[in-house]
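Chemist: Numbering (the working numbering), first residue to last: 14 to 252. Just dropping this structure here.
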Amino acid sequence: DWRVYAKTDRHYQKVFTEETNLRATLLVDCSASMDFTGDESRPTKKLYATWLAAALSYLLLRQNDAVGLVTFDEKPLARVPARSVRRQLFQVLKVLEDLPPGRGTALGKVLHRVAETVQRRGLVLLLSDLMDDPEQVLAGLKHFRHRGHEVVVFQILDPREVDLDFAGEVEFEDLERPGHRLRVEPAHLAASYRRRHSAWRDTLRRECRRQLVDLVEVTTDTPFERSLGAYLRKRKRLY
14 DWRVYAKTDR HYQKVFTEET NLRATLLVDC SASMDFTGDE SRPTKKLYAT
64 WLAAALSYLL LRQNDAVGLV TFDEKPLARV PARSVRRQLF QVLKVLEDLP
114 PGRGTALGKV LHRVAETVQR RGLVLLLSDL MDDPEQVLAG LKHFRHRGHE
164 VVVFQILDPR EVDLDFAGEV EFEDLERPGH RLRVEPAHLA ASYRRRHSAW
214 RDTLRRECRR QLVDLVEVTT DTPFERSLGA YLRKRKRLY
């Protein structure tokens with residue numbers, strides 16, 4: 014402490030403890046594709062995302078971290094600025110309980126827009142199926158990394174989106190383009206579909222690793238508390 018030294022001609026070392034709180038922003042995808050469920054016994058991807066977002070908010074606020082929320086479809090919808098006050102959880106839950114019906118998607122563009130508004134470095138948690146052009150999605154994630162944020166992505170999919178497990182002839186409807194329907198027998202397309210689906214996910218995994226983005230893959234047939242617990246145990250080992 015140079016001020017004390019100047020007065021006493023003796024060396025003193027100033028020791029102090031500083032607590033730094035994390036600032037976390039949750040981004041919840043509300044686009045129409047998130048309304049899909051392949052089985053009535055399972056939640057939609059959107060509902061699963063809200064469960065995860067609510068649990069993450071509770072855990073973060075419990076350790077006095079600041080939590081904010083942005084919901085979006087083809088554009089940002091609702092925003093709760095990051096705060097660490099006790100009533101913040103109720104503000105977050107209020108938005109999550111009243112999500113509007115989803116419309117189209119423009120995930121990459123939305124990520125760029127939101128990245129420009131999250132000023133202070135912190136933790137960004139994206140909950141989405143990532144169903145958009147992968148190059149645009151990855152560019153949006155890179156924008157957050159470029160601004161110094163830690164980024165965690167929970168990719169939420171329904172099991173039937175992974176394996177196309179449908180029997181007989183099925184009519185598919187594009188959730189983000191109402192009126193666009195296609196009637197096919199999935200068994201004839203399953204092998205090709207799985208190859209392309211696997212290639213898409215491999216691209217996301219590879220590029221997320223390269224950008225140091227933590228990609229957490231979950232499916233809606235897994236209880237959300239199990240998915241969350243597995244991620245938290247992994248994070249504890251890493252940090």
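Backbone N, C-alpha and C fix where the C-beta goes; we use that ideal spot for every residue, glycine too. As the structure is a prediction and not an experimental result, all values here were calculated from the model.
1. Going by other Cβ atoms of all chains shown within 10 Å of its Cβ, with 16 needed for buried, is Gln132 buried or exposed?
2. Do you know offhand how far His159's Cα is from Ala152's?
3. With a threshold of 16 other CB atoms inside 10 Å of the CB of Gln76, please say whether the residue is buried or exposed.
4. Roughly how many angstroms separate the alpha carbons of Glu32 and Asp78, rounded to a whole number?
5. Three-state secondary structure (DSSP) at Ser141?
6. Using 8 angstroms as the threshold, is the C-beta distance between Ile169 and Thr233 below it?
7. Mind checking Leu112: buried by the 16 CB within 10 Å criterion, or exposed?
8. For a cutoff of 8 angstroms on Cβ pairs, would you count Leu140 as touching chain C?
9. Contact between the segment 101 to 110 and the segment 48 to 57: three or more CB pairs below 8 angstroms?
10. Taking contact to mean 3 or more Cβ pairs, one atom from each stretch, closer than 8 angstroms, check whether the segment 206 to 220 and the segment 138 to 156 are in contact.
11. Could you check which residue in His162, Arg100, Leu74 and Pro114 has the C-alpha nearest to that of Gln224?
Modeler: In terms of the structure at hand:
1. Taking the first residue of the sequence shown as 1, we reach residue 132 at position 119. Per the 10 Å Cβ criterion, exposed.
2. Taking the sequence shown and counting its residues from 1, the one referred to as residue 159 is at position 146. Taking the sequence shown and counting its residues from 1, the one referred to as residue 152 is at position 139. Near 10 angstroms, if we compare the C-alpha coordinates of Ala152 and His159.
3. Sequence index remark: in the sequence shown, residue 76 carries index 63 (1-based). With fewer than 16 Cβ atoms within 10 Å of its Cβ, Gln76 is classed as exposed.
4. The residue labelled residue 32 in the question sits at position 19 within the sequence shown. The residue labelled residue 78 in the question sits at position 65 within the sequence shown. Since pLDDT at Glu32 reaches only 49, below the 50 mark, its modelled position is unreliable, and no value is offered.
5. Within the sequence shown, the letter at position 128 stands for residue 141. It is a strand residue.
6. As a first step, residue 169 is located in the sequence shown; it is residue number 156 there, counting from the start. As a first step, residue 233 is located in the sequence shown; it is residue number 220 there, counting from the start. Cβ distance < 8 angstroms, so Ile169 and Thr233 count as in contact.
7. Numbered from 1 along the sequence shown, position 99 holds the residue referred to as residue 112. Its Cβ being crowded by 16 or more others within 10 Å, Leu112 is buried.
8. Absent here is chain C; the protein component of the structure consists of one chain.
9. no
10. yes
11. Here residue 224 refers to the residue found at position 211 of the sequence shown. That would be His162, whose Cα lies nearest to the Cα of Gln224.
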